[in-house]
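K.L.:
Numbering (my numbering), first residue to last: 341 to 512.
#1: Around the C-beta of residue 385, are 16 or more other C-beta atoms found within 10 angstroms, so that it is buried, or is it exposed?
#2: Inspect the beta-carbon positions of residue 377 and residue 458 and report whether they are closer than 7 Å.
#3: According to DSSP, simplified to helix, strand and coil, what is residue 391?
#4: Using the Cβ count rule (16 or more neighbours within 10 Å means buried), how would you classify residue 362?
#5: Of all the options 500, 478, 503 and 416, which has the alpha carbon lying nearest to the alpha carbon of residue 392?
#6: Rounded to the nearest angstrom, how far is the Cβ of residue 389 from that of residue 368, given a contact under 8 Å?
#7: Quick one, are the C-beta atoms of residue 410 and residue 484 less than 7 Å apart?
#8: At the level of alpha carbons, what is the spacing between residue 509 and residue 341?
#9: Taking three-plus beta-carbon pairs below 8 Å as touching, is the stretch 486-494 in contact with the stretch 392-402?
#10: Can you have a look at residue 421 and say buried or exposed, based on whether 16 or more other CB atoms are within 10 angstroms of its CB?
#11: Is the beta carbon of residue 482 closer than 7 Å to that of residue 492?
#12: Runs of 4 residues minimum, wholly inside the stretch 347-412: which ones carry the alpha helix (DSSP H) assignment?
#13: Going straight from the alpha carbon of residue 381 to that of residue 344, what length do you get?
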């Protein structure tokens, strides 16, 4: 991201904000998609994310960290949405794979292993993303989601097992 563009955003320049939005919207949408299934929820979280970005950008000391900072805002907004909707965690006994269409169609259409995350419950998916993709430790995940560290670990284990089953079933 161009430093001058970000400086203009700090000055509340609408044209600069539009350019930043156009540059970052796709990236942040992808981040949100890893946590949330519903397009309406994603759009709402994205709007909240950009609102926070543009109202808090003056507080950002190092403009070189803008993209990471923006991504963190998006992740936090997704987690807030999950907490507000009381994301369900599953019991290790549950035989659960949620489908919204054919799994093989989804995989061939998306051509991306990450699309398999859509077949996990939101709580498991959030923990998997935070741990495996974002790199947060279980203690921090537990704090973010207001759950115990043990729940974080068991939900990650559940997510991994279900993803392995999905991969085996699809011969990936």
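Think of the CB as a built atom: it goes at the ideal place given N, C-alpha and C, for glycine as much as any other residue. All values derive from a computational prediction rather than experimental measurement.
P.N.:
On the basis of the supplied data:
#1: Residue mapping note: residue 385 aligns to position 45 of the chain shown, counting from 1. Looking at its Cβ environment, which holds 16 or more other Cβ atoms inside 10 Å, residue 385 is buried.
#2: Locating residue 377 in the chain shown gives position 37, counting from the first residue. Locating residue 458 in the chain shown gives position 118, counting from the first residue. Yes. Within cutoff.
#3: Position 51 of the chain shown, counted from the start, is the residue given in the question as residue 391. If DSSP states are grouped into helix, strand and coil, residue 391 belongs with the helices.
#4: Mapped onto the chain shown, residue 362 falls at position 22. So residue 362 ends up on the exposed side.
#5: If you number the chain shown from 1, residue 392 lands on position 52. For residue 392, the nearest C-alpha among the options comes from 416.
#6: As a working note, residue 389 is residue 49 in the chain shown. As a working note, residue 368 is residue 28 in the chain shown. Residue 389 to residue 368, Cβ: 6 Å. Contact.
#7: For this step, residue 410 is matched to residue 70 along the chain shown. For this step, residue 484 is matched to residue 144 along the chain shown. No, the pair does not count as a contact, with Cβ atoms beyond the cut-off.
#8: By 1-based counting over the chain shown, the position of residue 509 is 169. By 1-based counting over the chain shown, the position of residue 341 is 1. Whole-angstrom Cα-Cα distance: 41 Å.
#9: no
#10: Locating residue 421 in the chain shown gives position 81, counting from the first residue. Buried, since its Cβ has 16 or more Cβ neighbours within 10 Å.
#11: The residue labelled residue 492 in the question sits at position 152 within the chain shown. The residue labelled residue 482 in the question sits at position 142 within the chain shown. Yes, they are a contact pair.
#12: 354-375 and 379-396
#13: To locate residue 381, count along the chain shown from 1; it is residue 41. To locate residue 344, count along the chain shown from 1; it is residue 4. Residue 381 and residue 344: Cα-Cα distance of roughly 32 Å.
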